[in-house]
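Peer 1: Chains A and B supply the protein sequences, listed in that same order. 1 is the number of the first residue of the first sequence in full-length UniProt numbering; add one for each residue after it. 1 is the number of the first residue of the second sequence in full-length UniProt numbering; add one for each residue after it. No residue lacks a Cβ here, since even glycine has one placed at the ideal position from N, Cα and C. Dropping the structure in here first, questions after.
Number of protein chains: 2
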Amino acid sequence: MKIIITSGGTREHIDNVRTLSNTSSGRLGQLCAEAFAQSGYDVIYIHGVHAYIPNGDILKIPVEGVLDLEREMKAALMDPDVVGVIHAMAVSDYFVSSVSNFEQLANHIENKTKKDVVHILNTFEEHGFDRVHKIGSNESGLAVLLKPAPKIIPMIKDLRSDVILVGFKLLVDVSETELIDVGYKLLMKNHCDFVLANDLVNIKGDNHIGHLIQDDHTYKTFQTKQAIAAGLVAKISERVK
Amino acid sequence: MKIIITSGGTREHIDNVRTLSNTSSGRLGQLCAEAFAQSGYDVIYIHGVHAYIPNGDILKIPVEGVLDLEREMKAALMDPDVVGVIHAMAVSDYFVSSVSNFEQLANHIENKTKKDVVHILNTFEEHGFDRVHKIGSNESGLAVLLKPAPKIIPMIKDLRSDVILVGFKLLVDVSETELIDVGYKLLMKNHCDFVLANDLVNIKGDNHIGHLIQDDHTYKTFQTKQAIAAGLVAKISERVK
Numbered sequence: 001m002k003i004i005i006t007s008g009g010t011r012e013h014i015d016n017v018r019t020l021s022n023t024s025s026g027r028l029g030q031l032c033a034e035a036f037a038q039s040g041y042d043v044i045y046i047h048g049v050h051a052y053i054p055n056g057d058i059l060k061i062p063v064e065g066v067l068d069l070e071r072e073m074k075a076a077l078m079d080p081d082v083v084g085v086i087h088a089m090a091v092s093d094y095f096v097s098s099v100s101n102f103e104q105l106a107n108h109i110e111n112k113t114k115k116d117v118v119h120i121l122n123t124f125e126e127h128g129f130d131r132v133h134k135i136g137s138n139e140s141g142l143a144v145l146l147k148p149a150p151k152i153i154p155m156i157k158d159l160r161s162d163v164i165l166v167g168f169k170l171l172v173d174v175s176e177t178e179l180i181d182v183g184y185k186l187l188m189k190n191h192c193d194f195v196l197a198n199d200l201v202n203i204k205g206d207n208h209i210g211h212l213i214q215d216d217h218t219y220k221t222f223q224t225k226q227a228i229a230a231g232l233v234a235k236i237s238e239r240v241k
Numbered sequence: 001m002k003i004i005i006t007s008g009g010t011r012e013h014i015d016n017v018r019t020l021s022n023t024s025s026g027r028l029g030q031l032c033a034e035a036f037a038q039s040g041y042d043v044i045y046i047h048g049v050h051a052y053i054p055n056g057d058i059l060k061i062p063v064e065g066v067l068d069l070e071r072e073m074k075a076a077l078m079d080p081d082v083v084g085v086i087h088a089m090a091v092s093d094y095f096v097s098s099v100s101n102f103e104q105l106a107n108h109i110e111n112k113t114k115k116d117v118v119h120i121l122n123t124f125e126e127h128g129f130d131r132v133h134k135i136g137s138n139e140s141g142l143a144v145l146l147k148p149a150p151k152i153i154p155m156i157k158d159l160r161s162d163v164i165l166v167g168f169k170l171l172v173d174v175s176e177t178e179l180i181d182v183g184y185k186l187l188m189k190n191h192c193d194f195v196l197a198n199d200l201v202n203i204k205g206d207n208h209i210g211h212l213i214q215d216d217h218t219y220k221t222f223q224t225k226q227a228i229a230a231g232l233v234a235k236i237s238e239r240v241k
């Protein structure tokens, strides 16, 4: 039995030396990987470049950006022995579509209607700086335009409706009611079996309040990363049986 | 004798979970720290959160963004025992001044002249999203506006004209002549004693071509990170005597 665990954060390149990064440490993903491996699963650990790395006999696949993750996820899901996906990675919701200085941008949007400005911003890919090289350090201002990246989580059940899918939702400083509500919406939308909903203000190192929401809208609350990892092993193993 | 070594990359927060990051690994800084410590220096290692960490009895000071680096550099330079600064850190040249979606931005810049557009982009700080919280993941586009961050390197000799200063210049895919020229300009401008100039295309793990430029415009070329670290110890120790 194999399980895919994604962990850490993606990073999208702005240029050769600058990135748009998600700050997840991958610590929870690491603990999940170790817990599943200790319970006899073959773990496929797809992780951001700065994520914590689990100990043990685990297949580790580093990825940079969303497109790398998409490719590796698709490849891993081809394996019929995969029974579940713990999608803990903080995936960038946006790509970098262009970088320009303020004058370059202003050249295109001066004297335009609101509608035209929005259209130009939406189609600015071919303008701005060459991002294969390093963008200069002496611009008086830079406009980094971002466009939506493909979503990874809806792809999973589309490709493999038989796997058990755990999604993750991180919000910042919201009520528990709102957190559970948003987490449950994610579950319904992406056909997750579970969603682990958490709030950044309740994460302090390994002390980590996480609510594991089920498809009947009930949820169980854990207090540490270790407890979340153990809880996931128990829930997945129950379903796999 | 104390030496300050900066290492790794800074990261500027876009919101609570997203950053603008510089990708330096801090590997060269780590090797410099270890080489100086082995030569009897007390090393103050100011490093980005993902930088390699040196072994040995070294004071380690983690920093996030440019302002943290500025504060820690100023504090460290107060110590009269500091004789040199190896400023290897990849410091962000830009801050995040605002994040907005395309409609928010367009509301402010529709039907404006080029000059007004540039002015509005330059003063957009108070507009856009509240960045204390996480920015939503379902915007059809985001405009991240960046403004110049304070430069750290000119501050060093201003505060302590007596320390030996090594600056770093990284370019991407340029001729050796251009690289040396740009490196020498950095040296003159910031009153560096040396500048280590390197090109990203000539950095492959520990194989790392680095040109150590002196204030007489001559330079010495090294082939590995280890050789660069050893070269810096030799040059600094010669000057300190």
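(1) So residue 50 of chain A contacts chain B; which residues on that side make the cut at Cβ distance below 8 Å?
(2) In the DSSP assignment, what residue or residues form a beta bridge with residue 248 of chain B?
(3) Given a cut-off of 8 Å on the beta-carbon distance, is the pair residue 161 of chain A and residue 125 of chain A in contact?
(4) Verify the contact flag: residue 105 of chain A, CB atom, against every heavy atom of the ligand GDP, threshold strictly below 7 Å.
(5) Beta carbons nearer than 7 Å to chain A: which residues of the stretch 106-125 of chain B have them?
(6) Grab the span of the alpha helix (DSSP H) containing residue 49 of chain B for me, first residue to last.
(7) From the DSSP output, in three-state form, read off residue 231 of chain A for me.
(8) Under 7 Å Cβ-Cβ, which residues of chain A neighbour residue 144 of chain B?
(9) Grouping DSSP H, G and I as helix and E and B as strand, with all else coil, what is residue 243 of chain A?
(10) Quick one: list the residues of chain A neighbouring residue 94 of chain B, beta-carbon separation under 7 Å, in chain order.
(11) To the nearest angstrom, how far is it from the Cα of residue 12 of chain B to the Cα of residue 95 of chain B?
(12) I want to see whether chain A comes within less than 8 Å of residue 60 of chain B, judged by CB atoms only; does it?
(13) When we look at the beta-carbon of residue 136 of chain A and count the other beta-carbons within 10 Å, is it buried (16 or more) or exposed?
(14) In terms of alpha-carbon separation, which member of A/109, A/92, A/211 and A/191 lies closest to residue 139 of chain B?
(15) For chain A, check one thing: does any of its Cβ atoms lie closer than 8 Å to the Cβ of residue 127 of chain B?
(16) From the DSSP output, in three-state form, read off residue 211 of chain A for me.
(17) Evaluate residue 80 of chain B with the Cβ neighbour count: other Cβ atoms within 10 Å of its Cβ, from every protein chain shown; 16 or more gives buried, anything less gives exposed.
(18) Applying the criterion that 16 or more other CB atoms from any shown protein chain within 10 Å of the CB defines a buried residue, is residue 107 of chain A buried or exposed?
(19) Round the Cβ separation of residue 152 of chain A and residue 212 of chain A to the nearest angstrom and send it over; I've been treating them as touching at under 8 Å.
(20) Taking residue 19 of chain B as part of the beta strand (DSSP E), name the residues at either end of that continuous run.
(21) In this structure, how does DSSP classify residue 15 of chain A when only helix, strand and coil are distinguished?
(22) For residue 24 of chain B versus residue 9 of chain B, is the C-beta distance shorter than 8 Å?
(23) At the 8 Å Cβ level, is residue 202 of chain B part of the contact set with chain E, yes or no?
(24) Could you name the residues that DSSP lists as bridge partners for residue 117 of chain B?
(25) Using the Cα positions of residue 5 of chain A and residue 33 of chain A, report the straight-line distance between them to the nearest angstrom.
(26) Output needed in chain order: residues of the stretch 6-40 of chain A with a Cβ under 9 Å from some Cβ in chain B.
(27) For residue 133 of chain A, decide whether its Cβ has a neighbour in chain B, counting only Cβ atoms nearer than 8 Å.
(28) When you check each C-beta in the stretch 172-196 of chain B against every C-beta of chain A, which residues fall closer than 8 Å?
(29) Bridge partners of residue 100 of chain A, per DSSP?
(30) Do we get a CB-CB distance below 8 Å when we pair residue 170 of chain A with the residues of chain B?
(31) List, in order along the chain, the chain A residues whose C-beta lies closer than 7 Å to that of residue 137 of chain B?
(32) Got a sec? Which residues, its chain only, sit under 6 Å from residue 84 of chain B by beta carbon, not counting five neighbours each side?
Peer 2: So, from the data block:
(1) Along the first sequence, one-based indexing puts residue 50 of chain A at 50. Within 8 Å Cβ-Cβ: 50.
(2) Residue 248 of chain B falls outside the range modelled here, since chain B spans only 1 to 241, and no answer is possible.
(3) For the purposes of this step, residue 161 of chain A is identified with residue 161 of the first sequence, where counting begins at 1. For the purposes of this step, residue 125 of chain A is identified with residue 125 of the first sequence, where counting begins at 1. Their beta carbons are not under 8 Å apart, which means residue 161 of chain A does not touch residue 125 of chain A by this criterion.
(4) For the ligand GDP, the structure offers nothing, since it holds no ligand at all.
(5) 106, 107, 109, 110, 111, 112, 113, 114, 117, 118, 121 and 122
(6) For the purposes of this step, residue 49 of chain B is identified with residue 49 of the second sequence, where counting begins at 1. Looking at the DSSP string, residue 49 of chain B is not in any alpha helix (DSSP H), and its letter there is neither H nor E.
(7) Within the first sequence, residue 231 of chain A is the residue found at index 231, counting from 1. Three-state DSSP puts residue 231 of chain A in a helix.
(8) For the purposes of this step, residue 144 of chain B is identified with residue 144 of the second sequence, where counting begins at 1. Those are 144 and 146, listed as they occur along chain A.
(9) The shown model of chain A, from 1 to 241, leaves out residue 243 of chain A, and the question about it has no answer.
(10) The residue given as residue 94 of chain B occupies position 94 in the second sequence. Within 7 Å Cβ-Cβ: 142.
(11) Counted from its first residue, the second sequence places residue 12 of chain B at position 12. Counted from its first residue, the second sequence places residue 95 of chain B at position 95. One C-alpha to the other measures close to 6 Å.
(12) Numbered from its first residue, the second sequence carries residue 60 of chain B at position 60. By this cut-off, residue 60 of chain B is not an interface position.
(13) Residue mapping note: residue 136 of chain A aligns to position 136 of the first sequence, counting from 1. Exposed: under 16 other Cβ atoms inside 10 Å.
(14) Your numbering for residue 139 of chain B matches position 139 in the second sequence. Nearest option by C-alpha distance: A/92.
(15) Here residue 127 of chain B corresponds to residue number 127 of the second sequence, with the count starting at 1. No, its Cβ sits nowhere closer than 8 Å to a Cβ of chain A.
(16) If you number the first sequence from 1, residue 211 of chain A lands on position 211. Of the three classes helix, strand and coil, the one that applies to residue 211 of chain A here is strand, per DSSP.
(17) On the second sequence, residue 80 of chain B is found 80 positions in, with the first residue counted as 1. Classification for residue 80 of chain B: exposed.
(18) Locating residue 107 of chain A in the first sequence gives position 107, counting from the first residue. Exposed is the call here.
(19) Locating residue 152 of chain A in the first sequence gives position 152, counting from the first residue. Locating residue 212 of chain A in the first sequence gives position 212, counting from the first residue. The Cβ separation is near 20 Å, so there is no contact.
(20) Position 19 of the second sequence, counted from the start, is the residue given in the question as residue 19 of chain B. Segment 18-22, the beta strand (DSSP E) holding residue 19 of chain B.
(21) On the first sequence, position 15 is the one that residue 15 of chain A refers to. Residue 15 of chain A falls in the coil class under three-state DSSP.
(22) Looking up residue 24 of chain B in the second sequence gives position 24. Looking up residue 9 of chain B in the second sequence gives position 9. Going by C-beta atoms, residue 24 of chain B is nearer than 8 Å to residue 9 of chain B.
(23) The structure shown contains no chain E; the protein chains it does contain are A and B.
(24) As a working mapping, residue 117 of chain B is identified with position 117 in the second sequence. Paired residue(s): none; residue 117 of chain B is not in a bridge.
(25) Start at 1 with the first residue of the first sequence, and residue 5 of chain A comes out as number 5. Start at 1 with the first residue of the first sequence, and residue 33 of chain A comes out as number 33. Going by the C-alpha atoms only, they are around 7 Å apart.
(26) 9, 11, 13, 14, 15, 16, 17, 18, 19, 20, 21, 22, 23 and 24
(27) Position 133 of the first sequence, counted from the start, is the residue given in the question as residue 133 of chain A. Taking Cβ atoms only, chain B reaches closer than 8 Å to residue 133 of chain A, which makes this a yes.
(28) 172 and 173
(29) The sequence position of residue 100 of chain A within the first sequence is 100, counting from 1. Paired residue(s): A/143.
(30) Position 170 of the first sequence, counted from the first residue, corresponds to residue 170 of chain A. Yes, residue 170 of chain A lies at the interface with chain B (some Cβ there is under 8 Å from its Cβ).
(31) Looking up residue 137 of chain B in the second sequence gives position 137. What residue 137 of chain B touches in chain A: 93.
(32) As a position in the second sequence, residue 84 of chain B is number 84, starting the count at 1. So the qualifying residues of the chain are 3, 163, 164 and 236.
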